[in-house]
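Residue numbers (the UniProt record's numbering): 1 to 660.
The beta-carbon is built from N, C-alpha and C at its ideal position, and this holds for glycine as well.
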């Protein structure tokens with residue numbers, strides 16, 4: 001797989017595509033052309049102003065380009081939409097601009113600086129896949145789908161209110177302007193959706209009409225004689241959809257949620273919901289937030305990738321970029337996180353072969369680049385036995401600081417030292433009550449269980465296949481030599497540059513251990529691991545007798561396929577009965593509505609990748625609850641869906657549909 005950014009030629013200060021031989025915007029007045037074509041002919045001023053309180057509006061675009069259309073729409077939304085409303089902008093882009101090119105292009109429009117500055121602050125080198133940017137304190141979300149529009153739109157789960165049908169002219173880019181594009185637009189449109197496009201080519205008008213759109217001509221802007229615009233009364237029938245992966249109908253009466261679990265997954269969920277106006281209560285059984293697996297002094301922020309774009313690799317790429325954006329916006333770099341880079345060493349022949357395959361992914365050098373032994377040693381500040389892959393954007397994070405920052409929101413109440421022992425649903429009130437031994441802790445429309453393996457302790461979630469794996473990290477005082485370590489080193493384990501005079505290294509994996517005591521033999525394991533990573537660094541840490549070492553143990557929570565569980569929960573017995581025929585014939589297409597447990601969601605099993613996947617998980621859940629465009633393609637949303645294991649076991653005849 002190859003990945004390329006846009007190749008630009010600058011003519012008279014204007015960006016032009018070297019590949020398509022076309023301009024990104026009108027040489028006369030690109031800003032006014034955007035407003036004329038896309039804003040006026042989608043009636044955005046009027047439609048934004050008419051939004052109900054707490055309503056939202058979704059725009060989808062073919063061809064993000066310089067982001068000019070997005071910025072104009074955001075400016076219009078900011079000026080016209082009532083407080084409490086939200087804008088979702090989804091855009092496909094096969095050849096994204098580099099950050100430098102985007103900044104140069106947007107400098108042409110100083111009147112948009114109020115909006116382009118926050119976009120540029122989050123816009124980075126875009127890896128293949130989907131990227132969610134949260135702007136304006138959560139009022140505006142931008143989802144960039146990097147790839148061919150004909151590949152990414154079929155994976156989009158959204159209801160689009162207005163289409164910006166943009167991109168290079170049909171004569172310059174015929175591959176895009178095809179019937180499958182117009183058919184996808186019809187599938188994704190909400191009732192009454194509109195479209196506008198700068199072109200009035202006959203093939204485009206006919207294709208849109210064939211897909212079900214009413215197509216009209218209007219005067220063009222500047223030298224262009226005509227543009228096309230119109231609408232569609234109702235989306236086309238997309239055919240059979242898997243009911244077990246459908247979105248539950250939002251039945252909540254108010255925006256209120258209880259989040260059980262005060263680690264990264266719970267805090268990320270609470271933050272994403274609070275930004276959308278939800279009142280959230282976080283319940284944490286320990287005396288402090290981030291006391292379990294999210295409580296390590298230093299966690300590593302890096303992308304452990306596969307040479308093939310597996311679901312896990314694609315999830316990690318999207319989550320990694322999202323976590324980096326979140327960190328830059330939440331925490332000042334220094335005491336609580338450092339983008340010092342991560343060096344993944346080729347510590348054996350198998351890893352070296354895997355890294356060779358990863359190099360062929362051709363990710364941008366600002367994301368990943370190979371280093372030989374000498375270059376790796378020089379960059380790390382310590383002699384190393386091998387080279388490896390360097391991830392310059394990565395680094396280490398103090399997870400408790402990130403968790404505390406995520407729950408710093410006026411809509412979030414935190415209750416620590418309390419254990420949610422019971423969850424009771426009242427169908428007449430459509431509300432959940434979470435209680436401990438002293439009585440009710442909180443009442444809300446929705447419950448999100450984000451308490452790692454404890455998520456499966458309730459009757460309604462007992463079917464979830466969660467397992468816990470003990471891990472111990474070791475903290476050791478830095479030496480004069482180890483203070484020169486400038487980047488995180490990873491191999492079988494990891495060591496981070498010193499924080500507050502100590503290094504964090506680890507971590508062990510113990511599959512059948514139930515205790516959380518700190519063990520000397522696991523300290524020895526971690527130090528032995530370090531000896532394999534960096535022998536001279538290990539030798540420099542002389543004060544490694546057990547009395548000089550500190551550490552902590554916690555349980556990671558994982559699933560059988562090592563992907564997290566993020567999404568709605570089903571009533572397990574009803575699910576098995578509803579789809580029992582799949583055990584006989586897995587190719588059947590039942591229409592029975594999925595028996596959801598109303599208002600019950602889970603966010604768990606992030607394993608050792610919590611810093612990568614948990615922050616984005618909050619956006620996944622919020623999009624499901626709010627009916628927003630999903631931040632990930634449909635196949636990845638299914639890959640993390642909590643019902644995937646029930647479905648799998650039913651098809652494999654591991655479940656008895658007649659069990660009581």
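Indicate whether residue 337 and residue 343 have their beta-carbon atoms separated by less than 8 Å. Residue mapping note: residue 337 aligns to position 337 of the chain shown, counting from 1. Residue mapping note: residue 343 aligns to position 343 of the chain shown, counting from 1. No, the pair does not count as a contact, with Cβ atoms beyond the cut-off.
Selection from 414, 435, 418, 416 that minimises the alpha carbon distance to residue 424: Mapped onto the chain shown, residue 424 falls at position 424. Comparing Cα positions, the closest option is 435.
C-alpha gap between residue 283 and residue 265, whole angstroms: As a position in the chain shown, residue 283 is number 283, starting the count at 1. As a position in the chain shown, residue 265 is number 265, starting the count at 1. Straight-line Cα distance between these residues: approximately 13 Å.
For residue 232, three-class secondary structure by DSSP: Here the question's residue 232 lines up with position 232 in the chain shown. Coil.
If residue 370 and residue 357 are in contact, beta carbons under 8 Å, what's the gap, nearest whole angstrom? By 1-based counting over the chain shown, the position of residue 370 is 370. By 1-based counting over the chain shown, the position of residue 357 is 357. The pair is not a contact, with the Cβ atoms about 11 Å apart (cut-off 8 Å).
Short check: CB of residue 196 to CB of residue 42, under 8 Å? By 1-based counting over the chain shown, the position of residue 196 is 196. By 1-based counting over the chain shown, the position of residue 42 is 42. It is a contact, given that the beta carbons lie within the stated cut-off.
Relative to the C-alpha of residue 384, which residue among 488, 183, 65 is closest? If you number the chain shown from 1, residue 384 lands on position 384. Answer by Cα proximity: 488.
Give every residue of the same chain whose Cβ lies closer than 6 Å to the Cβ of residue 443, excluding the five residues on either side of it in the sequence, and list them in chain order. Position 443 of the chain shown, counted from the start, is the residue given in the question as residue 443. Taken in chain order, the residues that qualify are 431, 433.
Measuring CB to CB, does residue 290 end up less than 8 Å from residue 319? Position 290 of the chain shown, counting from 1, holds the residue named residue 290. Position 319 of the chain shown, counting from 1, holds the residue named residue 319. No, the pair does not count as a contact, with Cβ atoms beyond the cut-off.
Can you give me the Cβ contacts of residue 161 inside the same chain, cut-off strictly under 6 Å, excluding the 5 residues immediately before and after it? To locate residue 161, count along the chain shown from 1; it is residue 161. Cβ within range, chain order: 57, 58, 190, 193.
Looking only at DSSP bridge pairs, what is residue 489 linked to? The count along the chain shown starts at 1 and reaches residue 489 at position 489. DSSP lists 343, 495 as partners of residue 489.
Among residues of its own chain, excluding the 5 on either side of residue 225, which ones have a beta-carbon nearer than 8 Å to its beta-carbon? Working through the chain shown from its first residue, we reach residue 225 at position 225. Result list for residue 225: 200, 219, in chain order.
For residue 587, count neighbouring Cβ atoms within 10 angstroms of its own Cβ and tell me buried if that reaches 16, exposed if not. As a working mapping, residue 587 is identified with position 587 in the chain shown. Exposed, because fewer than 16 other Cβ atoms sit within 10 Å of the Cβ of residue 587.
Between the alpha carbons of residue 276 and residue 138, how many angstroms are there, rounded? What you label residue 276 is simply residue 276 of the chain shown in a count that begins at 1. What you label residue 138 is simply residue 138 of the chain shown in a count that begins at 1. Residue 276 and residue 138: Cα-Cα distance of roughly 7 Å.
On the DSSP bridge list, what partners appear for residue 469? Here the question's residue 469 lines up with position 469 in the chain shown. The partner list for residue 469 (beta bridge, DSSP) reads 556.
Leaving aside the five residues before and after residue 166 along the sequence, list all residues of the same chain whose C-beta is less than 8 Å from its C-beta, in chain order. Translated into the one-based positions of the chain shown, residue 166 becomes position 166. Hits under 8 Å: 38, 61, 62, 63, 65, 69, 197, 198.
According to DSSP, which residues form a beta bridge with residue 570? For this step, residue 570 is matched to residue 570 along the chain shown. Answer by DSSP bridge pairing, in chain order: 596.
I'd like to check one pair, residue 176 with residue 149: are the Cβ atoms closer than 8 Å? Counting from 1 along the chain shown, the entry for residue 149 is found at position 149. Counting from 1 along the chain shown, the entry for residue 176 is found at position 176. For residue 149 and residue 176, yes; Cβs fall inside 8 Å.
If you draw a straight line from the alpha carbon of residue 643 to that of residue 245, how long is it in whole angstroms? As a working note, residue 643 is residue 643 in the chain shown. As a working note, residue 245 is residue 245 in the chain shown. Looking at the two C-alpha atoms, the distance is approximately 8 Å.
If we require 3 or more residues per run, which beta strand (DSSP E) segments fall completely within the stretch 332-386? 342-345, 369-371
Straight-line CA distance for residue 300 to residue 181? Counting from 1 along the chain shown, the entry for residue 300 is found at position 300. Counting from 1 along the chain shown, the entry for residue 181 is found at position 181. Rounded to whole angstroms, residue 300 to residue 181 spans 41 Å at the Cα level.
Is it right to say residue 153 is buried, meaning 16 or more other beta carbons lie within 10 angstroms of its own, or is it exposed? Counting from 1 along the chain shown, the entry for residue 153 is found at position 153. Looking at its Cβ environment, which holds 16 or more other Cβ atoms inside 10 Å, residue 153 is buried.
Status (buried if at least 16 other CB within 10 Å, exposed otherwise) for residue 255: Here residue 255 refers to the residue found at position 255 of the chain shown. With 16 or more other Cβ atoms within 10 Å, it is buried.
Excluding sequence positions up to five away, which residues of its chain have a Cβ less than 7 Å from the Cβ of residue 416? Within the chain shown, the letter at position 416 stands for residue 416. The residues are 262, 284, 286, 287, 288, 289.
Looking at the unbroken alpha helix (DSSP H) that takes in residue 106, where does it start and where does it end? In the chain shown, residue 106 corresponds to position 106, counting from 1. Element bounds for residue 106: 99-106.
What's the call for residue 239, buried or exposed, on a 16-neighbour Cβ count within 10 Å? Reading the chain shown from its first residue, position 239 is the one you call residue 239. So residue 239 counts as exposed.
Identify, in the order they occur along the chain, each residue of the same chain with its Cβ nearer than 7 Å to the Cβ of residue 455, setting aside the five sequence neighbours on each side. For the purposes of this step, residue 455 is identified with residue 455 of the chain shown, where counting begins at 1. Excluding sequence neighbours, residue 455 sits near 449, 461, 464, 466, 602, 604.
Taking the beta carbon of residue 558 as the centre, do at least 16 other beta carbons fall within 10 Å, making it buried, or is it exposed? Looking up residue 558 in the chain shown gives position 558. That one is buried.
Where do the ends of the alpha helix (DSSP H) carrying residue 613 lie? As a first step, residue 613 must be located in the chain shown, where it is residue number 613. Per DSSP, residue 613 belongs to the alpha helix (DSSP H) from 610-626.
By DSSP's criteria, residue 390 is part of a beta bridge. Which residues make up the other side? Here residue 390 is taken as the residue at index 390 of the chain shown, counted from 1. 343, 369, per the DSSP bridge assignment.
Applying the criterion that 16 or more other CB atoms from any shown protein chain within 10 Å of the CB defines a buried residue, is residue 394 buried or exposed? Here residue 394 refers to the residue found at position 394 when the chain shown is read from its first residue. Buried, since its Cβ has 16 or more Cβ neighbours within 10 Å.
Quick check on residue 2: buried or exposed, where buried means 16 or more other Cβ atoms within 10 Å of its Cβ? As a position in the chain shown, residue 2 is number 2, starting the count at 1. At residue 2 the pLDDT is 41, less than 50, meaning the model places this residue with poor confidence and gives no usable figure here.
Rounded to a whole number of angstroms, what is the C-alpha to C-alpha distance between residue 572 and residue 274? As a first step, residue 572 is located in the chain shown; it is residue number 572 there, counting from the start. As a first step, residue 274 is located in the chain shown; it is residue number 274 there, counting from the start. For residue 572 and residue 274, the distance between alpha carbons rounds to 30 Å.
Give the C-beta separation of residue 471 and residue 507 to the nearest angstrom, bearing in mind that I take them to be a contact with Cβ-Cβ under 8 Å. Position 471 of the chain shown holds residue 471. Position 507 of the chain shown holds residue 507. Between residue 507 and residue 471 the Cβ distance is about 4 Å, and since that is below 8 Å, they are a contact.
For residue 122 and residue 133, I'd like the C-alpha separation in whole angstroms. Within the chain shown, the letter at position 122 stands for residue 122. Within the chain shown, the letter at position 133 stands for residue 133. For residue 122 and residue 133, the distance between alpha carbons rounds to 7 Å.
What are the uninterrupted segments assigned as alpha helix (DSSP H) that are 4 or more residues long and contained completely in the UniProt domain "MnmC-like methyltransferase" (110-229), given in chain order? 113-122, 149-152, 179-188, 202-210
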